[in-house]
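If you read the sequence shown in my numbering, its first letter stands for residue 17, the second for the next number, and so on.
Where a beta carbon is used, it is the ideal one built from N, C-alpha and C, also for glycine.
Since the model is a prediction, treat every value here as computed from it, not as a measurement.
Here's the structure, in structure tokens; my notes come after.
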Amino acid sequence: ENKAAIELYNRLGFSSVHQRRGHLVMRKKIPAAAESVSSPRGPASRFDVLECGGISIKSVLAQILPSLTLGFVALFGICAVLAPLAYRASPTDTLFQLFFKTGQDSQLLFINLAADIVIGLAAAIFAELCRRLFNTLFFSSKPTQQSKGNSIINELIADPSLAAQKESLWRITGGAAAAPLTSAIAIIFWQLGAVLSEELYYRGLLLHAFQRLALAATAPTLTANILALVVSTALFALAHADWAQADGTQYDNNDQREKRGAEWFLQTAPFGALFALLCLLTSDRILAPIITHLTLNVAWCLADLNDLRQAPRAQLASVFDDLRSSRQEQMQQQQQSSSSF
């Protein structure tokens with residue numbers, strides 16, 4: 017309520033954003049390099065100094081909504097196609113069968129539910145141990161603590177697709193500056209929406225659809241399961257390889273972009289195969305892969321958040337703001353090209 021102080025900061029170029037915990041949050045954009053006439057971005061033309069420190073519901077929803085769109089598509093496919101043609105049951109019964117084993121009393125239902133959760137957690141631990149062993153055998157060791165922050169910045173600059181992926185984590189945790197518990201809760205809600213949507217789509221819809229199609233073509237059960245696993249895993253990995261095509265990513269040439277996309281595919285495919293295998297091994301239920309997928313994603317996000325906290329915040333903000341500016345440029349170019357036709 018100090019009007020004199022507010023007026024002073026307004027004269028200095030700050031603008032009021034919102035109030036948080038009784039304090040007025042103000043923001044000022046500071047030029048880090050000369051603005052380029054030909055490109056509004058420049059090498060690092062601006063960054064949000066105070067786009068950090070708190071988590072808003074708006075930022076969480078902005079990251080969850082794209083995933084929920086995929087989930088709604090999956091639910092529509094399961095209810096409109098899979099239920100009447102494959103399961104020959106109502107949409108409610110079909111969704112119930114995807115999560116629980118039917119035809120049992122409540123006690124056995126609870127036992128199977130607990131078993132799927134335990135299997136999912138054990139699979140997550142096993143997958144993470146295998147990943148760490150693979151990285152230890154085939155990749156160099158991590159940088160020392162002194163060089164960790166600068167190393168992260170260099171990785172994000174060298175790999176635009178990695179920056180595009182980490183940007184969501186940066187936004188949802190208030191610039192990697194929110195309290196640890198608040199950040200963890202936001203990450204869990206964010207990943208819960210993403211994991212539920214992906215598992216309903218890739219395992220609940222696609223895996224079962226290809227499995228039932230193969231069985232309808234009189235293929236043996238084992239052949240049908242292998243075919244469904246391979247196809248659904250490939251589609252899952254292709255979707256994640258699309259990080260190399262994310263809006264705003266800048267590569268020197270298309271070969272470099274395609275190479276990075278192939279790397280994303282190879283890194284993601286083993287986990288997609290694991291999730292599909294868990295679904296098949298637990299009588300076509302998707303609860304175990306959901307638990308595995310969610311546990312891994314949350315653990316990786318928390319580890320990435322710890323890395324982001326060690327990097328210089330101003331440089332991180334500059335990298336992500338540069339990515340956002342590039343994305344806006346691409347959108348403007350697309351609008352101009354579409355309007356010219």
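Beta carbon of residue 185, beta carbon of residue 320: below 8 Å?
Numbered from 1 along the sequence shown, position 169 holds the residue referred to as residue 185. Numbered from 1 along the sequence shown, position 304 holds the residue referred to as residue 320. Yes, they are a contact pair.
Neighbourhood of residue 288 by C-beta distance below 6 Å, restricted to the same chain and skipping five residues each side:
For the purposes of this step, residue 288 is taken as the residue at position 272 of the sequence shown. Excluding positions up to five away in sequence, the list reads 249, 252, 253.
Does residue 147 come out as helix, strand or coil in the three-state DSSP assignment?
Start at 1 with the first residue of the sequence shown, and residue 147 comes out as number 131. In the structure shown, the three-state DSSP call for residue 147 is helix.
Check whether the stretch 204-212 and the stretch 276-291 touch, using three or more Cβ-Cβ pairs below 8 Å as the test.
No, they do not touch.
Helix, strand or coil, according to DSSP, for residue 13 in the structure here?
Absent from the model: residue 13. The displayed extent of the chain is 17 to 357, so no value can be given.
Report the rounded CA-to-CA distance for residue 240 versus residue 103, giving the unit in angstroms.
Stepping through the sequence shown from its first residue, residue 240 is reached at position 224. Stepping through the sequence shown from its first residue, residue 103 is reached at position 87. A straight-line Cα-Cα distance of about 16 Å links residue 240 and residue 103.
For residue 307, is the classification buried or exposed, using 16 other Cβ atoms within 10 angstroms of its Cβ as the cut-off for buried?
Within the sequence shown, residue 307 is the residue found at index 291, counting from 1. With 16 or more other Cβ atoms from the protein chains shown falling within 10 Å of its own Cβ, residue 307 counts as buried.
Hey, is the stretch 92-103 in contact with the stretch 210-227, meaning 3+ C-beta pairs nearer than 8 Å?
Contact between the stretch 92-103 and the stretch 210-227 is present, with at least three C-beta pairs closer than 8 Å.
Would you tell me roughly how many angstroms separate the C-alpha atoms of residue 126 and residue 214, rounded to the nearest one?
Position 110 of the sequence shown holds residue 126. Position 198 of the sequence shown holds residue 214. If I take the Cα positions, the gap works out to 25 Å.
Determine the closest residue to residue 151 out of 283, 333, 293, with distance taken between C-alpha atoms.
Counting from one through the sequence shown, the residue named residue 151 turns up at place 135. Of 283, 333, 293, the residue nearest in Cα terms is 283.
For residue 301, which of helix, strand or coil comes out of DSSP?
Residue 301 sits at position 285 when you count from the first residue of the sequence shown. Reduced to three states, the DSSP call for residue 301 is coil.
Between residue 29 and the rest of its own chain, which residues show a CB-CB distance below 6 Å, the 5 nearest in sequence each way excluded?
The residue labelled residue 29 in the question sits at position 13 within the sequence shown. The residues are 44.
Measuring straight from C-alpha to C-alpha, what distance separates residue 94 and residue 191?
If you number the sequence shown from 1, residue 94 lands on position 78. If you number the sequence shown from 1, residue 191 lands on position 175. Taking the straight line joining both Cα atoms gives about 38 Å.
Considering just the uninterrupted stretch of the alpha helix (DSSP H) at residue 215, what are its terminal residues?
Translated into positions along the sequence shown, residue 215 becomes position 199. For residue 215, there is no enclosing alpha helix (DSSP H), since its DSSP letter is neither H nor E.
Which value, in whole angstroms, describes the spacing of the CA atoms of residue 170 and residue 332?
Along the sequence shown, one-based indexing puts residue 170 at 154. Along the sequence shown, one-based indexing puts residue 332 at 316. So the two alpha carbons sit approximately 10 Å from each other.
Spatial neighbours of residue 256 in its chain, beta-carbon cut-off 6 Å, leaving aside the 5 residues before and after
Taking the sequence shown and counting its residues from 1, the one referred to as residue 256 is at position 240. Contacts found: 280, 284.
Looking at residue 313: is its Cβ nearer than 8 Å to the Cβ of residue 246?
Here residue 313 refers to the residue found at position 297 of the sequence shown. Here residue 246 refers to the residue found at position 230 of the sequence shown. Residue 313 is not a Cβ neighbour of residue 246, given a cutoff of 8 Å.
What three-state label does DSSP hand residue 103 in the structure shown?
The sequence position of residue 103 within the sequence shown is 87, counting from 1. The answer is helix: DSSP assigns residue 103 an H, G or I state.
Relative to the alpha-carbon of residue 310, which residue among 178, 143, 123, 26 has its alpha-carbon at the smallest distance?
Locating residue 310 in the sequence shown gives position 294, counting from the first residue. Shortest Cα-Cα distance from residue 310 to any of 178, 143, 123, 26 involves 143.
Tell whether a beta-carbon distance below 8 Å holds between residue 90 and residue 220.
Counted from its first residue, the sequence shown places residue 90 at position 74. Counted from its first residue, the sequence shown places residue 220 at position 204. For residue 90 and residue 220, yes; Cβs fall inside 8 Å.
Tell whether a beta-carbon distance below 8 Å holds between residue 304 and residue 135.
Numbered from its first residue, the sequence shown carries residue 304 at position 288. Numbered from its first residue, the sequence shown carries residue 135 at position 119. Their beta carbons are under 8 Å apart, which means residue 304 touches residue 135 by this criterion.
Where does residue 170 sit, in a helix, a strand or coil, going by DSSP?
What you label residue 170 is simply residue 154 of the sequence shown in a count that begins at 1. Secondary structure of residue 170 (DSSP, three-state): helix.
Helix, strand or coil: which one does DSSP assign to residue 267?
Stepping through the sequence shown from its first residue, residue 267 is reached at position 251. Of the three classes helix, strand and coil, the one that applies to residue 267 here is coil, per DSSP.
Residue span of the alpha helix (DSSP H) that contains residue 76, given as start and end
For the purposes of this step, residue 76 is identified with residue 60 of the sequence shown, where counting begins at 1. In the DSSP annotation of this structure, the continuous segment of the alpha helix (DSSP H) that includes residue 76 starts and ends at 73-93.
Where the alpha helix (DSSP H) through residue 227 begins and ends
As a working note, residue 227 is residue 211 in the sequence shown. According to the DSSP assignment, residue 227 belongs to the alpha helix (DSSP H) that extends over 224-232.
Could you check whether residue 230 and residue 243 sit closer than 8 Å to each other, using their CB atoms as the reference points?
For the purposes of this step, residue 243 is taken as the residue at position 227 of the sequence shown. For the purposes of this step, residue 230 is taken as the residue at position 214 of the sequence shown. Contact: yes.
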